[in-house]
Amino acid sequence: MNDDIQRKKATVLSGGIDLTQPDTVDLTADPEEEYLEWYRQLQASSTQAPLLPSDVWQLVLSFLKPTDLGRFSSVSRSFYCLTRSPNLIYRDIVLDTRRMRPFESRSATVFRGHEAQSLIWFARSGRDSIRSIRCYEHTSSEEPCTFITRESLDSVLRHCTNLTSLVFPDLPIPQWLSEFSGLNELEITHFRGVDVSEVIAPLKIVGDKRTSLPFEEMKEKNPIRSMTLMGSSLRYVDISDVMCYADTLRSFAYHNRGYDLVPLFKECKQLEEITVNGYYSDWFENLPKMEHLRVLRVSSIKIYEKDFLHLKGCHNLEELEMSFTSGDLTLETVVDCATSWKKMRTFEYFIFGQRKTKIEVYMNLMAQLMVNLPSITRFGYNDGDLTDQVLSVWSSVNPNLIMLDVLYNFMTVDCLPLLSAFTTLSYLRIGLDAEMLTDLHKYCPNLVKLKIGGGSPPDLQKLIDTLPRLRVLELDDLSEKLDALETLNPGIDIVYASASLFDDESDGDYSE
Amino acid sequence: MASESISVTTSDDQTIQLSRKHAQMSQTINSMLEDSVGADQEAIPLPNVSSEVLKKVIDWCTHHENDPAPVEKVKKLNKKREYKAKNSTISDEWDKNFVNAELRVIVDILLAANYLDVKGLFELMCKHIANELKGKTPDQIRERFGIQDDLTEEDKAAMRKAWGATKNDS
Chain A
166 MNDDIQRKKA TVLSGGIDLT QPDTVDLTAD PEEEYLEWYR QLQASSTQAP
216 LLPSDVWQLV LSFLKPTDLG RFSSVSRSFY CLTRSPNLIY RDIVLDTRRM
266 RPFESRSATV FRGHEAQSLI WFARSGRDSI RSIRCYEHTS SEEPCTFITR
316 ESLDSVLRHC TNLTSLVFPD LPIPQWLSEF SGLNELEITH FRGVDVSEVI
366 APLKIVGDKR TSLPFEEMKE KNPIRSMTLM GSSLRYVDIS DVMCYADTLR
416 SFAYHNRGYD LVPLFKECKQ LEEITVNGYY SDWFENLPKM EHLRVLRVSS
466 IKIYEKDFLH LKGCHNLEEL EMSFTSGDLT LETVVDCATS WKKMRTFEYF
516 IFGQRKTKIE VYMNLMAQLM VNLPSITRFG YNDGDLTDQV LSVWSSVNPN
566 LIMLDVLYNF MTVDCLPLLS AFTTLSYLRI GLDAEMLTDL HKYCPNLVKL
616 KIGGGSPPDL QKLIDTLPRL RVLELDDLSE KLDALETLNP GIDIVYASAS
666 LFDDESDGDY SE
Chain B
5 MASESISVTT SDDQTIQLSR KHAQMSQTIN SMLEDSVGAD QEAIPLPNVS
55 SEVLKKVIDW CTHHENDPAP VEKVKKLNKK REYKAKNSTI SDEWDKNFVN
105 AELRVIVDIL LAANYLDVKG LFELMCKHIA NELKGKTPDQ IRERFGIQDD
155 LTEEDKAAMR KAWGATKNDS
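Top line first, the protein sequences correspond to chains A and B. Numbering follows the working numbering, in which position 3 of the first sequence is assigned residue number 168; successive positions increment by one, without gaps. Numbering follows the working numbering, in which position 119 of the second sequence is assigned residue number 123; successive positions increment by one, without gaps.
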């Protein structure tokens with residue numbers, strides 16, 4: 166997307182205020198006192214909110230989600246004051262610069278990067294109440310994150326003294342991070358064009374005469390339970406330093422290549438969640454028996470049969486998400502291993518390789534796979550065309566699927582009606598032609614989230630109109646023409662998405 | 005033995021008979037009844053509720069008279085200490101028709117439910133007002149609720165400084 170379109174979109178979404186222009190809002194200033202003075206005056210001069218007493222309004226507002234509250238606060242002075250209630254302040258803020266517009270999820274409010282001011286606003290309101298701030302970067306490395314300045318985030322974080330979770334991509338982590346005594350989640354990424362020593366300050370830096378923070382001392386203050394390492398700056402991190410958190414670390418994510426993680430995994434015996442992206446072979450078989458492992462997400466890794474058989478021993482696996490190139494792994498092995506995962510809730514298996522099994526055998530195995538995974542509610546699969554036979558078996562074995570991801574499969578018209586057997590299906594990723602999409606509402610009327618592959622079909626508005634519960638529509642398309650959809654459908658988040666590392670925990674649970 | 009019906013006097017000086025069951029759905033009237041045990045059964049004054057609105061409240065109580073008693077929920081943050089908007093879905097078809105009324109009537113019923121402390125009705129009306137607010141721009145909210153925009157340019161500038169979304173929504 167070129168700069169003009171990006172700016173135009175940002176300006177449209179921020180209501181005519183071009184937040185990418187530095188002279189629009191001075192992020193470097195700390196307007197705290199100025200703001201407080203203005204707010205005191207506003208409170209003093211504000212009259213009683215119309216129609217209802219303030220306490221009744223507060224109860225009404227407790228039914229509103231963040232973006233509606235934001236609009237409400239702009240109605241009048243008294244309404245602005247109403248939204249300052251401690252009961253309406255958010256504890257968890259997500260700043261996701263990869264999204265093209267704000268959207269809400271079960272657990273968080275997500276803002277575009279253009280709205281760094283939003284973060285400041287909420288942080289100023291929440292102060293001690295805010296426990297979590299997560300910032301995600303844009304997926305495209307060609308579009309550096311320019312919206313958030315070090316100063317603006319410093320300004321925010323200074324007020325959030327009770328943070329327990331902090332996720333920073335592309336941004337320098339402030340030196341005073343170690344002052345957060347309760348921090349138990351820390352995600353570290355890289356920062357383009359800035360001295361890397363600032364970025365990974367909380368980790369000891371080796372080999373380049375760079376400054377370091379006292380890792381052991383930080384450990385006393387910050388019993389980190391979750392850590393994500395990503396980006397090229399990792400070459401300055403000594404993985405052995407992470408091991409001092411072996412007793413507390415429960416979740417570890419790694420988005421890079423080159424490190425031998427096996428020693429870390431052997432040390433961190435309590436790990437419950439592992440995420441690994443990037444090519445690193447021959448590590449599964451060297452893993453210790455990870456009895457506590459509940460979640461495993463891997464991608465871009467060549468996986469062999471011996472690796473999978475090793476995973477078979479992880480009886481507590483609840484979530485397995487794999488996107489990989491095949492070594493010698495066969496679907497027979499996958500089906501066999503699935504019998505061991507009695508607690509499995511999420512199974513997403515995307516293989517990018519050549520299938521060697523005959524199609525009839527393969528179809529039977531796909532059906533059997535679901536039989537062996539009776540407890541799952543979220544299922545993703547990409548290797549094999551969907552037939553009515555397979556879908557029939559799936560729906561008869563597990564009609565309670567909440568999420569079905571068949572984006573990369575070909576589905577015939579005959580298969581579409583079989584989706585109606587999944588009565589609780591609320592999240593569907595699917596690649597359908599325009600004609601089939603027109604009929605989708607007949608078979609999946611309760612969809613809350615829909616991702617469509619294969620470009621933009623001709624009548625998305627009609628699709629939205631026929632799915633009354635739809636709240637999120639994801640498109641593999643960055644077409645500027647789709648701006649109109651956002652304007653016409655203020656209650657629906659139109660997400661122009663491609664592959665994303667974003668872990669949307671709210672998938673399949675969009676109940677209000 | 006307590007009488008099966010209760011007399012109440014509304015703000016427009018009408019005397020209306022309530023069944024005891026319906027009266028007890030209002031914590032306010034219930035408290036008054038408990039306070040007046042053994043006293044002469046005079047009509048209970050309800051100076052903040054008109055007869056028209058009270059009849060609406062009685063209609064709602066009649067429809068919901070067999071509902072289980074509402075459980076007082078202690079609002080707790082979940083383990084992540086997140087704020088979560090309450091569910092505003094109105095699932096009962098009768099209730100959906102009930103709230104299909106003019107805003108003036110809705111507000112009057114809401115205020116009456118608040119005064120009478122009829123929890124289920126109060127929550128229903130709050131949900132309805134919240135649903136009316138959802139997805140609307142500030143201009144639309146002002147128009148729907150007849151609210152004057154008293155935000156000065158200075159206010160808007162200050163809000164923009166704190167949060168850059170004001171113009172978007174107005």
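We put the CB at the ideal spot given by N, CA and C, even for glycine.
> Do N547 of chain A and F515 of chain A come within 8 Å of each other at the CB atom, strictly closer than that value?
Replying inline: yes
>> Considering Cα atoms alone, identify which of A:L615, A:I466, A:I468 is closest to S591 of chain A.
In response: A:L615
>> For E147 of chain B, count the other beta carbons within 10 Å of its own beta carbon; 16 or more makes it buried, fewer makes it exposed. Which is it?
In response: exposed
>> Does the CB of R510 of chain A have a neighbour CB from chain B at under 8 Å?
In response: no
> DSSP on G596 of chain A, reduced to helix/strand/coil?
Replying inline: coil
> Residues of chain A with a CB under 9 Å from the CB of K100 of chain B: which are they?
Replying inline: The premise fails here: K100 of chain B is roughly 14 Å from chain A at the closest Cβ pair, so nothing lies under 9 Å.
> Is it true that the CB of Y469 of chain A sits closer than 8 Å to the CB of D493 of chain A?
Replying inline: In this structure, Y469 of chain A lies closer than 8 Å to D493 of chain A by Cβ.
> Checking contacts by CB at 8 Å: is A162 of chain B closer than that to chain A?
Replying inline: yes
> Taking 8 Å as the CB-CB cut-off, is V240 of chain A touching chain B?
Replying inline: yes
>> From the DSSP secondary-structure annotation, give me the bridge partner or partners of F512 of chain A.
In response: A:L485, A:F544
> For D39 of chain B, does the count of other Cβ atoms within 10 angstroms reach 16, so buried, or fall short, so exposed?
Replying inline: exposed
>> Taking only three categories from DSSP, how would you classify M163 of chain B?
In response: helix
> What's the C-alpha gap between Q152 of chain B and Q21 of chain B?
Replying inline: 40 Å
>> Give me the residue from A:Y245, A:L612, A:C580, A:A418 with the minimum Cα distance to M601 of chain A.
In response: M601 of chain A has its Cα closest to that of A:C580, out of A:Y245, A:L612, A:C580, A:A418.
> When the cut-off is 8 Å and only beta carbons count, does K60 of chain B lie next to chain A?
Replying inline: no
>> Given this structure, state the Cα-to-Cα distance separating M509 of chain A from I541 of chain A, to the nearest angstrom.
In response: 6 Å
> Of all Cβ atoms in chain E, is any one closer than 8 Å to the Cβ of V111 of chain B?
Replying inline: Protein chains in the displayed structure are A and B, and chain E is not among them.
> So which residues of chain A does P142 of chain B contact, with C-beta pairs closer than 9 Å?
Replying inline: R236, F237, S238, S239, V240, S241, F244
> Taking the C-alpha atoms as reference points, what is the distance between G557 of chain A and L605 of chain A?
Replying inline: The amino acid at residue 557 of chain A is misidentified as Gly; the sequence shows Ser. C-alpha separation (whole angstroms): 17 Å.
> Nearest-angstrom Cα distance between E69 of chain B and L125 of chain B?
Replying inline: Taking the straight line from one Cα to the other gives about 12 Å.
> Skipping 5 residues on each side, what residues in its chain have a beta carbon closer than 7 Å to that of V578 of chain A?
Replying inline: M601
> Relative to the C-alpha of L583 of chain A, which residue among A:A411, A:S560, A:W506, A:S416 is closest?
Replying inline: A:S560
>> Using CA atoms only, rank isn't needed, just tell me which of A:V460, A:D630, A:L496, A:L224 is closest to E437 of chain A.
In response: A:V460
> Looking at N52 of chain B and V221 of chain A, is the spacing between their C-beta atoms short of 8 Å?
Replying inline: No, Cβ-Cβ distance for V221 of chain A and N52 of chain B is not below 8 Å.
>> Given this structure, state the Cα-to-Cα distance separating R415 of chain A from L530 of chain A, to the nearest angstrom.
In response: Near 34 Å, if we compare the C-alpha coordinates of L530 of chain A and R415 of chain A.
>> Applying the 10 Å Cβ sphere with the 16-neighbour rule, what's the burial state of Q208 of chain A?
In response: Answer is exposed; the Cβ neighbour count stays below 16.
> Out of curiosity, what's the CA-to-CA distance linking K230 of chain A and L137 of chain B?
Replying inline: 11 Å
> Hey, does N118 of chain B have any beta-carbon neighbour from chain A nearer than 8 Å?
Replying inline: yes
> Starting from N34 of chain B and walking both ways along the alpha helix (DSSP H), at which residues does that stretch end?
Replying inline: 31-39
> Roughly how many angstroms separate the alpha carbons of K140 of chain B and K131 of chain B, rounded to a whole number?
Replying inline: If I take the Cα positions, the gap works out to 15 Å.
>> For K507 of chain A and V427 of chain A, what's the separation of their Cα atoms in angstroms?
In response: 26 Å
>> Considering only their Cβ atoms, is the gap separating N481 of chain A from G513 of chain A smaller than 8 Å?
In response: Residue 513 of chain A is actually Glu in this sequence, not Gly. Contact: no.
>> Helix, strand or coil for Y419 of chain A? Go by DSSP, reduced to three states.
In response: strand
> Expressed to the nearest angstrom, what Euclidean distance is found between the alpha-carbon atoms of L114 of chain B and S211 of chain A?
Replying inline: S211 of chain A has its alpha-carbon roughly 23 Å from the corresponding atom of L114 of chain B.
>> For K607 of chain A, count the other beta carbons within 10 Å of its own beta carbon; 16 or more makes it buried, fewer makes it exposed. Which is it?
In response: exposed
> Got a sec: which bits of the segment 123-134 of chain B sit with their beta carbon under 7 Å from any beta carbon on chain A, in order along the chain?
Replying inline: C130, K131, I133, A134
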